[in-house]
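A short write-up of the structure that comes next.
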Amino acid sequence: MKVGLFIPCYIDQFYPNVGIATLQLLEKLGCDVSFPLNQTCCGQPMANSGFASLSKSCDKNFVSNFRGFDYIVGPSGSCVLHLKEHLHDEQHPGEAEHIRKHVYELTEFLVDVLKVEKLNASFPYKVGLHNSCHGQRGLHLSSMSERNLPAYSKPQQLLNMVNGLELKMPTRSDECCGFGGTFCVFEEAVSVKMGKDRVADHQQNDVQYITGGDTSCLMHLEGILKRNGSKVKTIHIAEILNSNA
Amino acid sequence: MSARESILKNITANKPQLVELPAIDLNDVIQYNDLVQQYKTVLQSIGGGTVELQELSSLQEEFATKKANGDFVVNRIEALGEVSDSLNTLTATDLAAVDTAYINGNIAVAENGAIWLYESNMGNRLLPFICQHLVIVIEKKNIVPTMHHAYNQLETAKEGFGVFLAGPSKTADIEQSLVIGAHGARSLIVHIVG
Amino acid sequence: MSHNSTMKHAEAAANFIKDEPRTNWHDETLWFVRQKRDKAAHGLPEWEQLREWASQIKQHTLSNLDNYLLEFERNAKANGVTVHWATDGADHNRIIYDIIQKNNISKIVKSKSMLTEECGFNEFLHAKGIVTVDTDLGERIVQLRNEAPSHIVLPAIHLKKQDVSDTFHEHLNTEKGNNDPQYLTEAARQHLREKFIEAELAITGVNFAVAETGGFVVCTNEGNADMGAHAAPIHIACMGFEKMIPKAEHLSVFLRLLARSATGQPITTYSSHFMKPREGQEMHIVIVDNGRSRQLGRADFRNSLKCIRCAACFNTCPVYRRSGGHSYHTAVAGPIGSILNPNIDMKANADLPFASTLCGSCSNVCPVKIDIHDQLWKWRQVLVSEGYVDSTKKAGLKGMAFLLARPGLYRFAGKMGRSVMRLFPWIVNNKLNPWYKQRKMPAPPKQSFRDWYLQNKKQ
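Sequences listed follow chains A, B and C, in order. Those letters in the first sequence? Residues 28 to 272, by my numbering. Those letters in the second sequence? Residues 1377 to 1570, by my numbering. Those letters in the third sequence? Residues 561 to 1019, by my numbering.
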């Protein structure tokens, strides 16, 4: 199975360890992974700000990097959702469509495609899970508190396979952290207030780490935690699932 | 062009292509093992009280006592005693003094505690709202599971006015604190007969 | 009371949040309402099916709306009701004013109608020296304070009981410092009973209008719509034309959803079905367009007209809960307001579709399945292409798009120093940067993932 590794731009630049963990984890699980070297960004920051028209060249670049793979996997629900909903390339419509249908967020790829049932991972800490909105409500990585449908959670299913990990859910299990792309700067006050409230909810559980499938949410929460001198750390779910036993 | 014509013209020009109405299948709808119990539980949860009666005699006593005490009671239920007619001649000021009104309900809904009242049951549209306390009598056999069942039995267009009434008047507009008795009746007791 | 539309959402929200304990209270109170909604929704196994039916009934109605309006008008007239049509808010106000003048009316009670808020009706009458008394408790509170409602179902949700107590002390002579909601509600009950009894005109909104019967349904918990409508010699009901449904039996679907979505109640206390005026009474219906037919023509946005005004999207919205209704500077706030108001005035409301993280919770709670968060996204595209986004934002995003479309340049910018590059809007580490104000920057790593990959993996 040929897997194209999609490492979103901010992970590439700021959180290379998340990319490394994703790559190592996929290889451990037997995937033939390559990282197309000319990838940049999915185009979401522009599109969500109303500039979808400006992301066409980004889309083109994405398609030229990621055509020809069986699957494209990325450690970010938000970027993957954007691609699924909005990736188009007038010159290569078939390739764009193939990508839209075969791009996966990491945890859904592990659960739905690789059907992972056990992981040789250990992370002996108290961990709070942050469900990112785009992963949850967009990609349906877990059931949603608003809907009257059976309960499930792909990230939780995976975290339950990690030795020593004590999973703690906040009281509001799927409230948005307030990152929201450029919302985080254009609506700074609300964004930060939302983030502070998420942090406080997790802190009630005395967690040592807050994890999730979206580095953007975690970066926002980390910024707030650090500014307030908290000992709680953020960690991407790929790093936990890849942690050595 | 009149406002009416221009609005309708714009709607005709802008409306989407016709799509079908869905079929509402009652098999998809919740069922209750015990309609009376369900009804009572819900009504109590929304601030109403319930009394189960074999027949109306005990309510007759209550009604007679109130009347004897000089309370301004209005009765719309034949089985209880003298029925107050020509309520439409009463003004809002007159009706505002009504202590308790006794009214027959047509259909009660187990899922939400609501009771349907036709205008003819009220005698005056204002009565069930403006009275201080409200007593409604329904027959056990007229409790239906859901609103779908209720509308299937009702003819909402039969009279000039009708209401689904569920519990006493209430508000939570001050800090979400529930207060019973906003503008309408301060209490509702439903007598379930049969 | 009019809204301050000069201040944009972000700024107004920042002001709201300055009082953090109050913001927490606002958030928690509305979250509690959302939880009550969840409990009610999860109590019905057919909940998702009901939403689907409601959505389909509304879709169908919109697709045949002209015919249903004609059918409704015909039946309403046959019932003895006078039907008026208003193209916009001014038209709506004028129609009612004509009735007021013709009948020499000075005492008016009005139950909750977001449409009259949308039309600026109270200010319109006020300017003519006529006072309407809002009779919903929450609306009465904000009216006495000369404020706008901050929520379409809970108009005074931004206020604490001390605020209400102060207002009632000033206007209704209640005891100073008595903050008991029971006591305050009783005071309003007595005060408003007088108004109902002496009213010459009652104005109400409409929750549902039934084409098949020409009747309409008004839902309240307090009973204020009925107290007014059944006491006053004239009743005027105002409705946006999207309130139409085909048949009375469809009310079952909507009445099952409305209160459960709004407050978690199984149904509102009163769901009043008005058919004919009572003997000696005059009954009018004003059918209002005010931009709705334009919205009907916008394929991406027309299904916002399915809205039944339950406000579930307000209560679930993490942004609304932390910014308050007034920050939306429109009659209908919250997520649904943010997709309705740009249609009414794109320029004045260009900020609203951006007052969201696109978390999607609004679409999930919506009882008629409006794709609210997708429409927020689509409005952003429209607003940008129509030129309603400020130039610095535009320049920033253009620069970013330019960089991200050019892999070489992107990598070069990254190498230039991750702490200063302009790749991301939050990147500059100084006090002018809104990211940095209350958040630390991520620590820049020595190498990017790509650099690591080239060094360690690439054969």
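A virtual CB, placed ideally from N, CA and C, is assigned to each residue, including glycine. These numbers were taken from a predicted model, which means no experiment stands behind them.
- Our two residues, VAL226 of chain A and TRP995 of chain C, have alpha carbons roughly 17 Å apart in a direct line.
- For GLN941 of chain C, the nearest CB of chain A lies under 7 Å from its own CB, placing it at the interface with that chain.
- The beta carbon of LYS181 of chain A sits closer than 7 Å to the beta carbons of THR134, GLU135, VAL138, LEU168, SER169 from its chain, once the five residues preceding and following it are set aside; these are given in chain order.
- Counting other Cβ atoms within 10 Å of its Cβ, LYS1006 of chain C stays below 16 and is therefore classed as exposed.
- Taking a Cβ-Cβ cut-off of 9 Å, the neighbours of ALA601 of chain C in chain A comprise GLU173, ARG174, ASN175, given in sequence order.
- Selection C:TYR880, C:GLU839, C:CYS870, C:ALA769 evaluated against HIS833 of chain C yields C:ALA769 as nearest (Cα-Cα).
- Around the beta carbon of HIS157 of chain A, 16 or more other beta carbons lie within 10 angstroms, which makes this residue buried.
- By the C-beta criterion, the stretch 579-586 of chain C is judged not to be in contact with the stretch 773-787 of chain C, since fewer than 3 inter-stretch pairs fall below 8 Å.
- Neighbourhood of GLY239 of chain A in chain C, by CB distance below 9 Å: empty, with the nearest CB roughly 14 Å away.
- With a minimum length of 3 residues, the unbroken runs of beta strand (DSSP E) contained wholly in the stretch 125-191 of chain A fall at 130-132, 153-157.
- In the structure shown, the three-state DSSP call for LEU714 of chain C is coil.
- Annotated three-state conformation of ASP1470 of chain B is helix, per DSSP.
- When DSSP states are grouped into helix, strand and coil, LYS670 of chain C belongs to the strand group.
- Beta bridge pairing from DSSP links THR692 of chain C with C:ILE668.
- For MET73 of chain A, the enclosing alpha helix (DSSP H) stretches over residues 71-74.
- Interface flag for LYS220 of chain A against chain C is set, since a Cβ pair is found closer than 7 Å.
- By the rule that beta-carbons nearer than 7 Å mark a contact, ALA227 of chain A does not touch chain C.
- In this structure, the alpha-carbon of SER1545 of chain B lies about 20 Å from that of ILE1568 of chain B.
- Not flagged as an interface residue toward chain B: ILE659 of chain C, since no C-beta distance is shorter than 7 Å.
- Think of a sphere of 7 Å around the beta carbon of LYS253 of chain A: the chain C residues whose beta carbon falls inside it are LYS1000, in chain order.
- Contact check between the stretch 1453-1473 of chain B and the stretch 570-578 of chain C: fewer than three CB pairs, one atom from each, fall below 8 Å, which does not count as touching.
- Between the C-alpha atoms of GLN609 of chain C and ILE1550 of chain B there is a straight-line separation of about 34 Å.
- The three-state reading of DSSP puts ASN1482 of chain B in coil, since its state is none of H, G, I, E or B.
- LEU590 of chain C carries a helical assignment under DSSP once its states are collapsed to helix, strand and coil.
- For THR49 of chain A, the nearest beta carbon of chain C is not closer than 7 Å to its own beta carbon.
- ASP116 of chain A carries a coil assignment under DSSP once its states are collapsed to helix, strand and coil.
- Across the set B:PRO1398, B:GLY1538, B:ARG1562, B:VAL1511, the C-alpha of B:VAL1511 shows the shortest separation from the C-alpha of PHE1439 of chain B.
- Looking only at C:VAL691, C:VAL669, C:CYS870, C:ALA965, the smallest Cα-Cα distance to VAL593 of chain C is reached by C:CYS870.
- Against chain A, the beta carbon of SER921 of chain C has neighbours under 9 Å at CYS160, ARG164, MET171, SER172, GLU173, ASP201, GLU202, CYS203, listed in chain order.
- Taking GLN855 of chain C as the centre and dropping the five residues before and after it, the same chain places the C-beta of PHE861, ARG862, SER864, LEU865, ASN903 closer than 7 Å to its C-beta, in chain order.
- Against chain B, a Cβ distance below 8 Å from MET835 of chain C picks out THR1532, ALA1533, GLU1535, GLY1536, PHE1537, GLY1538.
- Secondary structure at GLY956 of chain C: helix, using DSSP grouped into helix, strand and coil.
- At least 7 Å separates the CB of TYR743 of chain C from every CB of chain B.
- Contact between PHE33 of chain A and PHE93 of chain A holds: CB atoms are separated by about 7 Å, below the 8 Å threshold.
- Contact between LYS997 of chain C and GLU215 of chain A holds: their C-beta atoms lie close to 6 Å from each other, under 8 Å.
- Residue pairing by DSSP places GLU214 of chain A in no beta bridge whatsoever.
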